[in-house]
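In order, the protein sequence lines correspond to chains Y and A.
Number 56 in UniProt numbering belongs to position 56 of the first sequence; there are no gaps in the numbering.
Number 41 in UniProt numbering belongs to position 41 of the second sequence; there are no gaps in the numbering.
C-beta atoms are modelled at their ideal positions from N, C-alpha and C, and glycine is treated no differently.
Right, one structure below, let's go through it.
There are 2 protein chains.
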Amino acid sequence: MVSIATWNINSVRLRADQVERFLRQEAPDVLCLQEIKTEEKHFPHAVFEAAGYAHRAVHGQKGYHGVATVSRIPLREVSRHDWQDNGEARHVGVELLGPGQGLIVENVYIPAGGDIPDREANPKFGQKLDFLGRMTRWAEALDRPTLIVGDFNIAPLDCDVYDHKALLKVVSHTPIEVETLGQFRDAHGWVDLGRQFIPAPQRNYSWWSYRSYWRDKDQGRRLDHMWASPDVATQARGHRIVEETRKWDQPSDHVPLITEFDL
Amino acid sequence: MVSIATWNINSVRLRADQVERFLRQEAPDVLCLQEIKTEEKHFPHAVFEAAGYAHRAVHGQKGYHGVATVSRIPLREVSRHDWQDNGEARHVGVELLGPGQGLIVENVYIPAGGDIPDREANPKFGQKLDFLGRMTRWAEALDRPTLIVGDFNIAPLDCDVYDHKALLKVVSHTPIEVETLGQFRDAHGWVDLGRQFIPAPQRNYSWWSYRSYWRDKDQGRRLDHMWASPDVATQARGHRIVEETRKWDQPSDHVPLITEFDL
DNA sequence: GCCGCGCAAG
DNA sequence: CTTGCGCGGC
């Protein structure tokens, strides 16, 4: 069994202790982090080394974005896409070399897209859709067993948000985003493991805004995903959301997901 | 017995827990804080209330400077000088109403004075000397038993710094500052309680720069002071520097002083 | 080095 | 609300 996790950590330096706690408690074989918000030279390698995660692919950037895949299983970094050629560190791809040998694990942080869901008024929204378009063309050519995980910044199903109707005009749940993400899904036949294991319309949130009184209310959205190639999906054996991290001190706005595979 | 303390806390909000710990450990009757770095509306009143310091005079300012005198003994705020009429919150004066009745406690934060010890090249240096001049003219008229405490930002004696010769051209220990502070002392006949109880040339530092490796070396200066009217000085019974606060997590660059009075 | 601020981003 | 940053102040 190989277990793989994903977590938007919102600064890996500020939450190195929380990552360590998560690794100790849940002991995933592989952890994909997003929004590490640091260059590789300041990545807390020692923390991961001490925890047994000796294999790491870090694609960092100063202050913003940044992804890292850390692993107890040997791995080889195979790609570091900059789909929009703008220098933003939003992807790193690895190939597992030990247990799970041959599996490709793609770790991605899709742009949030700004506040206004309009390509003209808000260039960031256009950039988000463009980013998905480029991922779609890339996905059409994939021919290896692959798992893609990360913060997609889109809640595709009606039940992926606390109030579907209210959020139709809120970036992350607009019809155009859901449609564009659907094209990406179809380009490879990706299987949404979150919904394979926790079928709609069950509650399945992964993110709560810092801006709301989110400790009291439950205004969550499912923005984080683990999607598998069809073959790989048949090997998935379990999937969990580790929501308890929200109760920790100064938590990330995202919680981790874990999937186990019979590999 | 009445005990009175002074401490430049360098942000009272960030170190509210350290102030609480200090109050619990040392239990002074009165504590004068400098560099609270907040407006009164964000002052952590609840922390002091819970610790038994129900009487408070807070002269705050947004982001910079700011002083506060908190007390277990009833007090009355009597003055809030803005000697340079520039809006900087650098003073608050109170009168004790319970034990120690009638004693005036002046809490002051003298300007640091910038980096270059030259009135022309550095207006902040001139401002510091001018501030002292105005305090001097004020002190000439004092006619009540008074204690003045706070961060004076001047180390007057040769033995008040780790290297007298090296610091003669460093703001805080230049001859013109020492001379100007001497005029303030003479204007009221203030007695330096720090040196009454810990005579020169004994080590008696109250501040260590954040910029040096001050955990290893001992490059301190005596910038914080408690000065009393001659009568009041005869009632002082003990004086301590609570240097252990430097070992606490994320300490202030200053340590507290405490004097006990037979009042 | 350590602070608060105002900014941009989420 | 929370992050990192660049700034100015100490």
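Nearest-angstrom Cα distance between Leu263(A) and Glu88(A)? Position 263 of the second sequence, counted from the start, is the residue given in the question as residue 263(A). Position 88 of the second sequence, counted from the start, is the residue given in the question as residue 88(A). Those two C-alpha atoms are separated by around 33 Å.
Inspect the beta-carbon positions of Val108(Y) and Ile148(Y) and report whether they are closer than 9 Å. Locating residue 108(Y) in the first sequence gives position 108, where the first residue counts as 1. Locating residue 148(Y) in the first sequence gives position 148, where the first residue counts as 1. Yes, the pair counts as a contact, with Cβ atoms nearer than the cut-off.
Considering only residues of the segment 40-99 of chain A, which uninterrupted beta strand (DSSP E) runs meet the minimum length of 3 residues and lie entirely inside it, listed in chain order? 55-59, 67-71, 75-79, 91-96
Expected contact under 8 Å - CB spacing of residue 297(Y) and Val67(Y) to nearest Å: The structure shown has nothing for residue 297(Y), since chain Y only spans 1 to 263.
Compute the Euclidean distance between the alpha carbons of Gly98(Y) and Gln250(Y), then round it to the nearest angstrom. One-based indexing of the first sequence puts residue 98(Y) at position 98. One-based indexing of the first sequence puts residue 250(Y) at position 250. Cα to Cα, the separation comes out at about 35 Å.
Note down, in chain order, each residue of its chain lying with its Cβ closer than 8 Å to the Cβ of Asn204(A), except the 5 sequence neighbours on either side. Here residue 204(A) corresponds to residue number 204 of the second sequence, with the count starting at 1. Cβ neighbours of Asn204(A) beyond the five flanking positions: Cys159, Asp160, Gly194, Arg195, Ile198, Arg222, Ile241.
Comparing alpha-carbon positions, which option in Ala155(A), Lys165(A), Asp218(A), Arg134(A) lies nearest Met226(A)? Here residue 226(A) corresponds to residue number 226 of the second sequence, with the count starting at 1. Minimum Cα distance to Met226(A) is reached at Ala155(A).
Bridge-paired residues (DSSP) for His254(A): To locate residue 254(A), count along the second sequence from 1; it is residue 254. DSSP lists Trp207(A) as partners of His254(A).
I need the straight-line Cα distance from His91(Y) to Val47(Y), nearest angstrom please. Here the question's residue 91(Y) lines up with position 91 in the first sequence. Here the question's residue 47(Y) lines up with position 47 in the first sequence. Their Cα atoms are separated by approximately 22 Å.
Candidates Ser3(A), Val2(A), Met1(A), Trp7(A): closest to His254(A) by CA position: The residue you call residue 254(A) lines up with position 254 of the second sequence. The residue with the shortest Cα to Cα distance from His254(A) is Trp7(A).
Can you have a look at Trp190(Y) and say buried or exposed, based on whether 16 or more other CB atoms are within 10 angstroms of its CB? Your numbering for residue 190(Y) matches position 190 in the first sequence. Its Cβ being crowded by 16 or more others within 10 Å, Trp190(Y) is buried.
List in chain order: all unbroken beta strand (DSSP E) runs of 3+ residues lying wholly within the segment 156-231 of chain Y. 224-228
Just to confirm, are Ser11(Y) and Lys41(Y) a CB contact at a threshold of 9 Å? Position 11 of the first sequence, counted from the start, is the residue given in the question as residue 11(Y). Position 41 of the first sequence, counted from the start, is the residue given in the question as residue 41(Y). Cβ atoms of Ser11(Y) and Lys41(Y): not closer than 9 Å.
Just mark Arg137(Y) as buried or exposed, buried being the case when its beta carbon has 16 or more other beta carbons within 10 Å. As a first step, residue 137(Y) must be located in the first sequence, where it is residue number 137. Answer is exposed; the Cβ neighbour count stays below 16.
Val242(Y), enclosing alpha helix (DSSP H) - first and last residue: Numbered from 1 along the first sequence, position 242 holds the residue referred to as residue 242(Y). That residue, Val242(Y), is in no alpha helix (DSSP H); it is neither H nor E in DSSP.
Let me confirm a value: Tyr210(Y) is counted as buried when at least 16 other C-beta atoms fall within 10 Å, else exposed. Which label applies? For the purposes of this step, residue 210(Y) is taken as the residue at position 210 of the first sequence. Exposed, by the Cβ-count rule.
Thinking C-beta only, is Phe261(Y) closer than 9 Å to Leu31(Y)? The sequence position of residue 31(Y) within the first sequence is 31, counting from 1. The sequence position of residue 261(Y) within the first sequence is 261, counting from 1. Contact flag unset, no.
From the DSSP secondary-structure annotation, give me the bridge partner or partners of Ile148(A). In the second sequence, residue 148(A) corresponds to position 148, counting from 1. DSSP, once it has assigned bridges, lists Glu106(A), Trp227(A) as partnering Ile148(A).
Would a C-beta distance cut-off of 9 Å place His188(Y) and Glu140(Y) closer than the cut-off? The residue given as residue 188(Y) occupies position 188 in the first sequence. The residue given as residue 140(Y) occupies position 140 in the first sequence. Yes, the Cβ-Cβ distance between His188(Y) and Glu140(Y) is below 9 Å.
Identify whether Arg246(Y) lies in helix, strand or coil by the three-state DSSP scheme. Along the first sequence, read from residue 1 onward, the residue named residue 246(Y) stands at position 246. Arg246(Y): helix per DSSP, three-state reduction.
As a quick exercise: from Pro145(A), Glu106(A), Lys124(A), pick the residue whose alpha carbon is nearest that of Gly114(A). Your numbering for residue 114(A) matches position 114 in the second sequence. When each option's Cα is compared against that of Gly114(A), the closest is Lys124(A).
Do Gln84(A) and Asp130(A) have their beta-carbon atoms positioned less than 9 Å apart in this structure? Here residue 130(A) corresponds to residue number 130 of the second sequence, with the count starting at 1. Here residue 84(A) corresponds to residue number 84 of the second sequence, with the count starting at 1. Yes, Cβ-Cβ distance for Asp130(A) and Gln84(A) is below 9 Å.
Using only CA atoms, which one of Ala121(Y), His81(Y), Glu39(Y), Lys128(Y) lies nearest to Leu181(Y)? The residue given as residue 181(Y) occupies position 181 in the first sequence. Nearest C-alpha to Leu181(Y): Lys128(Y).
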